[in-house]
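Those letters in the sequence shown? Residues -22 to -1, 1 to 330, by mature numbering (1 follows the signal peptide of the UniProt record, and there is no 0).
Beta carbons are placed, not taken as given, at the ideal position from N, Cα and C, and that holds for glycine.
One structure is given here, and the rest of the page talks about it.
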Amino acid sequence: AGNMRLLRALLCLWLLAEAALASRVRTRRELAPGLYEHGVYDASGSYCQRGDVCCHGRDDGCTVPYHDTLCYCDLFCNRTISDCCPDFWEYCLGIPAPFPKAPGCARAGRSYPTGATYRENCNLCTCGPGGQWQCEDHACLMDGELIDAVNRGNYGWRAANYSQFWGMTLEDGIRHRLGTFRPSPTVMNMNEMHVSHRRCQGKLRHAKAQVGTESGVWGWGMGAGMEPGGPSPPHVLVPLPRVVTDECYPFTSQESQPAAQPCMMHSRSTGRGKRQATARCPNPQTHANEIYQSTPAYRLSSSEKEIMKELLENGPVQAILEVHEDFFMYKSGIYRHTPVAEGKGPKHQRHG
């Protein structure tokens, strides 16, 4: 009989402890301050709706992440000290929220608070205080309307969207994707020369390289004595003197070589304007380190026959192409500049 009384007493103590523990768990939520003690954060946000949760009665597991805590979507949340999610009243009860809601911005079926942003191609859009998206108005390098207009028209070539240019402005393309700066008026007014100086035959430079984003094509194309980004005489040009082959001294851009290296070739004068290499080629696979020479750069006529004659007799030439806004979208065919951007305003009509 004594053991039975002891067991009953222990059972009562255990039940009392469980009840006290359950009471403490219940009151933890009940005693917590309301979520909106210091104002409503993201009053127009989607929480219960996004989680598709609305719970009857009290359900302490009926929660959704809210800022740095949790909000509730059960009926128990709708009391004096509220811990309901901001959209509980509208989504779960179908009534207006008990606090004023700042107008948000809608996009693709979702609501965004004031100050939210997204990027539309090259333009940043921000949700304004009046519930309207406010977007920048830059001309973009890739323009879907221009691409469609070119492909609908009978211009002799096709346009396409290039993902590597998406998100760039037309100004970015003109400034950083043309490989060179526009020549100065002094250089543009240089007289044409109808000459036929023979140069030493040899492969001075490959005719293909990645320009990158910093207008570096003239760094490899013209070689010594040129500042990257600025060409020599315009229109059609010939190389500068004293260069070595690309096999001897391979081209490296700023993108492939972050730190600029000093010149790895050295030479000495042998008189009469000639020079001889005094160091091996930076490329250990090549031993021919001859230095090639040519006449100074000169401008050629734009005549196709003059250019073909120069190519036949003296080798490669260099040309400058004036690039318009639609050329960045060129895909195939015989390109010629189109008027498709004229209706969009001056900022959409650029060339360089």
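For the alpha helix (DSSP H) assignment, the uninterrupted runs of no fewer than 4 residues enclosed by the region 276 to 326 are, from N- to C-terminal side, 282 to 292. Judged by DSSP secondary structure, residue 122 falls within the alpha helix (DSSP H) whose first and last residues are 122 to 130. Residue 285 has its alpha-carbon roughly 11 Å from the corresponding atom of residue 277. When secondary structure is reduced to three states using DSSP, residue 115 falls in the coil class, being assigned neither helix nor strand. In the displayed model, residue 142 falls within a helix according to three-state DSSP.
Excluding sequence positions up to five before and after residue 120, its CB lies within less than 6 Å of the CB of 139, 143 and 144, all in the same chain and listed in chain order. The alpha-carbon of residue -13 is positioned some 11 Å away from that of residue -20. Burial is judged here by how many other beta carbons sit within 10 angstroms of a residue's own beta carbon; residue 167 has fewer than 16 and is exposed. Taking a C-beta distance under 8 Å as the contact criterion, residue 106 and residue 92 qualify as a contact pair. Bounds of the beta strand (DSSP E) holding residue 48 are 47 to 50. Taking the C-beta atoms as reference points, residue 304 is found nearer than 8 Å to residue 128.
The DSSP-derived three-state label of residue 153 is helix. Comparing C-alpha distances from residue 308 to each of 64, 71 and 126 shows the shortest one belongs to 126. Note that the C-beta distance between residue 25 and residue 63 is below 8 Å. 8 Å or more divides the Cβ of residue 118 from the Cβ of residue 69. No Cβ-Cβ contact shorter than 8 Å links residue 301 with residue 323. Contact check for residue 53 and residue 35: beta-carbon distance about 6 Å, within the 8 Å limit, so the pair qualifies. When DSSP states are grouped into helix, strand and coil, residue -18 belongs to the helix group. For residue 85, the enclosing beta strand (DSSP E) covers residues 83 to 85. A residue is called buried when at least 16 other Cβ atoms come within 10 angstroms of its Cβ; residue 22 meets this threshold and is buried.
Rounded to the nearest whole angstrom, the C-alpha separation of residue 97 and residue 27 is 25 Å. DSSP places residue 28 in no beta strand (DSSP E) but in the uninterrupted alpha helix (DSSP H) bounded by 26 to 29. Scanning its chain for C-beta atoms nearer than 7 Å, with the 5 sequence neighbours on each side dropped, one finds around residue 311 the residues 134, 135 and 136, in chain order.
The alpha-carbon of residue 226 is positioned some 29 Å away from that of residue 154. The three-state reading of DSSP puts residue 33 in strand, counting E and B together. If you draw a straight line from the Cα of residue 81 to the Cα of residue 30, it is about 22 Å long. Taken in chain order, the complete alpha helix (DSSP H) segments of 4 or more residues contained in the region 235 to 270 number zero; there are none.
A distance of 8 Å or more separates the beta carbons of residue 242 and residue 262.
Selection 45, 55, 271 and 89 evaluated against residue 250 yields 271 as nearest (Cα-Cα).
One alpha carbon belongs to residue 41, the other to residue 84, and they sit about 25 Å apart. For residue 89, the uninterrupted beta strand (DSSP E) segment begins and ends at 88 to 90.
Minimum Cα-Cα distance from residue 37 among the listed residues 45, 50 and 43 corresponds to 50. Taking each of 223, 76 and 131 in turn and checking the Cα distance to residue 18, the smallest one comes out for 76.
Here residue -8 is exposed, its C-beta having fewer than 16 other C-beta atoms within 10 Å. In the structure shown, residue 53 adopts helical secondary structure according to DSSP, grouped into three states.
Apart from the 5 residues on each side of it in sequence, residue 79 sits with its Cβ closer than 6 Å to the Cβ of 21 and 22 in its chain, given in chain order.
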